[in-house]
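Below is one structure; the comments refer to it alone.
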Amino acid sequence: MANVKRTCADLIDFEFNEAKYDSSNPLVLPGKNESRSKGKRQLDSNQIVQHQILSKKRRKELLRKVSQKEKKLSRSELWRELEEYKKSETTQHISVLPLFNKPKKSEKKLTNCNIRGKSWKQQCNDLSDISKSTDEYSSDESVSIDEAPFTPAAPEQDPTNDKVGEVTQTIVGHKHENKPLEAEKVSKPARFVLVSRTPEVVAARLALPILSDEATIMESISENDCVIICGATGCGKTTQIPQFLYEAGYAIEGYMIGITEPRRVAAISMAHRVGEELNLTSGQVSYHIRYDKEVTKETLIKFMTDGILLQEIKQDFELSKYSVIIVDEAHERSIYSDVILGLISMVVRLRRQRFTDNIPTNGKVLSPLKLIIMSATLKVDDFAENRRLFPHKPPPVIHIESRQYPVACHFAKVTHPDYLKAAFRKVVSIHKTSPPGGILVFVTGQQEANTLCSWLARAFPKMDDQKVNVTNERCNKTHKHQKEKKKLEESVKAPASSNSLNSTVLEEKDQFNSGIDLNNFDIIPVDEETEIGHTRINSKEVVSTKEKQSNKVTYETVDDSDIEEIGEDDDILGQINEIRNESYPGPVYALPFYSLLSPERQQSVFQPPPENHRLIVVATNVAETSITIPNIRFVVDTGKVKTKVYEPATGTSNFEIIWISQASAEQRAGRAGRIGPGHCYRLYSSQIFSSMKQFSIPDILSRPIDEVVLMLKLYLGNTKLTLFPLPTPPLPQAIEAAERRLIALGALKEITNASGGVSRTITDAGKWMTRVPVPARFARMLLFANQCQLMPYAVILVAALSVPNLFLSQDTPLSEQEKSFQSNFVQQFVRKKEDLYLGDLAVLLGTICCLERYSAQLSGLTPAEPGIIESVGGKAYVSRDPEGALRQLVHRCGVRWNAYKEVRQLRKQLTDILNVIIPDLGLSIDLCLPKPSDFQLIQLRQLFLVGSPCQIAKKLSVSVTGLPGNERRRLRYAYEIPGKQGPVFIDSNSPLARENFPFVAYLELHTTSKPFLRSVCAIDPGWIPFLAPHSYAVNELVLTDNVDTSEKKSENQSIANESNNRGSDDDEGSKSAPNTSVTSNSLVSLPTPRYDSERDIIVTGAKSITYIGLGVVPDSSTPLFDNQFLDLPSTVLVPINSVAAAQSLGFKESLTWSVRWFTRYLLEGVIFSEFKKWFPLKMKKCISPQIVTVSWGIIRPEVRSIVSLLVADKIDSKRKLLQQWESDVQYLSKELASWIRPEYVNDFHASWPLIQSRPIS
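The numbers in full-length UniProt numbering rise by one with no breaks, and the one at position 331 of the sequence shown is 331.
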């Protein structure tokens, strides 16, 4: 090889042989170890990389430096510092996900850096940048980002980052491959919304565990359309995730972030809290609940209840205003939340497909919708593994394990059957031995809450400081040995508390809890407590002082208007006396907390207790989720809950006290860990806990689903409901019962498809019902009211029936004057006979109308009645505070103020909606609505039957012989209903409880100590075939008038009187004698077919008419119940061409007989009086109209021609015939002429048409 000569300035000339020397460096002498020389040459040629490749030890040192610097800088200062080094708009962005996928300790340190994930609008243009190593963020702080680019680090230096980079590249590459339009459409840099938070908020957020997972959460949301977040109670998911999304740019370009909450108070409080932390106005972070909203055009984050979002989906199925929907507290599994998840899963797929295909909606291509499901405890399999809910791939599940503070759970060694007494003893033990901190006790109902509060207030009353010292000194001397022994026993039973609670944490509690404004809002839980006789709200009561002979110490009770007196329980009274004789640990501030509590009383639990008082909140499961009560360090869990159990087959419901689920137990325990380390004392053993269900039963499996079925039918049409993507599909029996109820209401109809099967589809009436925000049965009442000009009264009735517990409990202690006033107030609405028939509806209607009239008088809109102004504080007070005066008057009348306000709000809402959906209705709110007339009262009773076709009860007929006296008295006012074994009774507060009406319609059947009917109204059984056509069955219809139509019947004669007169004028006969158990045997003639001119239909009698209600029998070998049906009086008339007759005779046969009888009355001149000139005067002598209804009469050509024509056109009423003549004047003229004698035929044709055109009613 030739020698090569190389020269360089300032260097000596050197000639070398390349075959002999290494060509990489001519200054290096030849050597044997070439690998060592290669290593040096690589280091010399790439010194920049040498400074940037870090060892693991060096990396940890740098992480510690970053962590030290973060402690010195606030989040806002750190953000500004990072903004100084932010890349220009043209530079490519690098994913920070690998940085946060380090071990747990490193992750927490780095998460506090205010480095945000990618914006939801950002898509990746260059896939190579996504997988780049992010070690530059961990290098020495002196290295500037503006330096020259460098070669990526070698894989062996950081295998973790390389692996995460590959995963990120795979996900992004898959998205880029499926959506080629995204790169061109969203090639924008990441967008970050700057937030200016106060130092207090910054400090509070740093204590939340969810902050360490922010990057992971945002990266998952960016890469997936649906994400499930399971965060333990107190981790901050409800308040922080909307803020993560806001800062990542999900609320820009006209989009909103939507969050659904199961309760109104949660939506309000969370909106206020998030707005406060983001330092935004109420117009930017708003809430929307029923009857109230703060939403404006500037709204960026919107908290709402489930029902609000469902209404928005009806109007805008694609949810075009939202970029993200967050379903919070999904573990509660309410019916609406499950339906929302099913609908939004469809919307998510629709938005993704339309975005991929670049299909605009209203001129704009919507970005993909994100769905975030959040819960503290969640049965993930129902969501993640549901192939119908998420058909393509299961959504990622992010677990946030840690609470804000740890909670120690203690189980009882023995589970006491009387959990209320056990709770009392445990609270007493905590108050005596534990450090300061509030106590939250979970009970099942408000009666138990008030009782326990009363016990605690008596056990630890207020005492003067000096007397406390005297008492303690005396007790220490006389009972020292006894106290030591008792404390020793309690120390064995109760586990020792961990570390003493730091009082400084108590002082900081307000920084972590939102100020909740509960004005004008009730907490309405999923299990609304509406049990009869258990709403005990006592007026303010002064307890007499009690002096003890030994020490003369005076005790003063806590001034609590809602605390009831102690029950006569010797065990509790004895324990209270023992507590008073011992050392005084200090007073307690015991407060109840339940759904029916007034807003002021609800808000009091969020206020600090009086000085030196321990806060004790005794609550139902309303405090289990969403609500954070401050100052709570100890939770006492009874493990019980009162839930409403619904039976689909019979439509009955009752409250039962059952064990909670393990998930609910964890939720309750989490209440103790919000402001510091806490303790949860479970009053049941660990064995009981292990036997509990892991999760609560979803509401869709235990509640009526009528509204859900109707709404889904609106979306799905004839598609089976089993194909709808629900987290948990409802039982087939529940679907069948709901569909039958909707068919009875006229909302669904059965049609025969091409394959011969029967499918159920929504009707026009059903579509109308979905537009009204009330249950389907109430919407049906409004539809009927519009046809009868009863809308002003119907709106009030529907509003009053929709609000539970309108009246105060009868157990409320009142003075004799107040009791007399309330009794007279209610009785004035049912003093007349016609009003009494309306029953509870008359009381509801009269009460609301009367209070509305009082409201108008107190507001000065109408002249005040004598004594009204003076009864509420005088003219000066009324003019200064008319609402306060009205509130006093409402309470004086025995009505709950919150319930009355909700009725007024619902009335206004329904009025506005009805004016929109019914043209020219012109409905207004009349504060002085006149009393309905007698005829209108009858129509209102029919109106209630239209909405309750499956809720009818019959007076129980029992023999007086062979029964003891107490049994006869018990069954004297008993009723029976289909599907319910044994007697049922009308609620004792109803005006019909002691009236013995033969048939009544009711709103609901509720079981406590006995089954009670609520909201009852007397009805005429003769209305059932016309107003509830799907709820009865007939057998052996009377089709001719030449048969023996009499048989022995045992019926009450008053029923026959009211049925024959159809309840219009002889309603007083519908009330039977008090002793209805005595029956009479009489010869009753069955009605023959006749034409009902008022209803324009052919009616007849039957040998057997039974009310079947739903008639639902589940799949089983034995019948569901013995008394499945109720016999109706034999005098009841039924339409021949009806659903029940068609089921008995067949559709064609029932139509034929209806046409034949219509033809007969047409030829007799009954239908049209104009026909009497020709029929039967000028008919052929060999034929008469009666031959049409004779069984063999159809063989006559005259009968066959006219009947076959009418059957073919399905004309069996006056209205249908007039409609036919409107289109064809000569219709039926030829067939009728065949009945005329030949000499009159020409005159008959000359006189045709016999009926001049008239309006069709």
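Virtual Cβ for every residue (Gly too), placed ideally from N, Cα, C. Since this is a predicted model, take the numbers as computed values, not measurements.
Closest Cα partner of residue i within the set the options
i: Q607; options: P242, L597, P630, L701; result: P630
i: N1137; options: A1033, P436, L1128; result: A1033
i: residue 1258; options: V798, E870, E967, R853; result: The structure shown does not extend to residue 1258, since the chain is modelled only from 1 through 1257, so no value can be given for it.
i: V1099; options: A1141, L1126, Q817; result: A1141
i: K640; options: A459, E448, M304, Y1240; result: E448
i: V202; options: L300, Q240, V193; result: Q240
i: K1180; options: W1192, S1234, R1200; result: S1234
i: Y1161; options: A376, L1145, P1089; result: P1089
i: N718; options: L841, I751, I359, K370; result: I751
i: A885; options: G873, C893, V895, G894; result: G873
i: T1131; options: I1024, G307, S434; result: I1024
i: L923; options: I1194, V1207, L1013, V795; result: V795
i: D706; options: A744, A672, H679, R674; result: A744
i: Y1091; options: P1135, D1127, G1109, Y1107; result: P1135
Spatial neighbours of residue i in its chain, beta-carbon cut-off 7 Å, leaving aside the 5 residues before and after
i: T638; result: Y419, A423, F442, V443, L683
i: L278; result: V195, Q243, Y246, V285
i: Q42; result: With a pLDDT of 44 at Q42, under the threshold of 50, the modelled position of this residue cannot be trusted; read the value that follows with caution. Closer than 7 Å at Cβ, skipping near neighbours: no residue.
Per-residue DSSP class, three states only, for residue i
i: Y1091; result: strand
i: D1243; result: helix
i: S948; result: coil
i: K908; result: helix
i: H410; result: strand
i: L841; result: helix
i: K640; result: strand
i: M256; result: strand
i: R1215; result: helix
i: K720; result: coil
i: residue 1259; result: Nothing can be reported for residue 1259, as the shown portion of the chain is limited to 1 through 1257.
i: P1135; result: strand
i: T296; result: coil
i: V265; result: helix
i: S1184; result: coil
C-beta atoms of residue i and residue j nearer than 7 Å
i: W897; j: V890; result: yes
i: V227; j: I326; result: no
i: Y975; j: V984; result: yes
i: D699; j: I400; result: no
i: Q694; j: Q662; result: yes
i: L456; j: I616; result: yes
Sequence-distant residues of the same chain with beta carbon closer than 6 Å to residue i, five excluded per side
i: E565; result: Per-residue confidence for E565 stands at a pLDDT of 41, beneath the threshold of 50, marking its modelled position as unreliable; no derived number is given.
i: L1217; result: I1211
i: P1087; result: G1101, L1133
i: F825; result: C893
Beta bridge counterpart(s) of residue i as assigned by DSSP
i: C226; result: L371
i: H399; result: C230
i: R614; result: V588
i: T752; result: V758
i: L62; result: Bridge partners of L62: none, in fact.
i: T1007; result: N654, P1011
i: I632; result: G438
Proximal residues to residue i (C-beta, below 8 Å), its chain only, five neighbours per side dropped
i: L1205; result: L1228, E1231
i: A864; result: Q857, L858
i: E739; result: V709, L748, R760
i: V347; result: I313, F317, E318, L319, L369
i: W768; result: A779, L783, I917
CB contact check: residue i to chain D, cutoff 7 Å
i: C1182; result: No chain D is part of this structure, which consists of one protein chain only.
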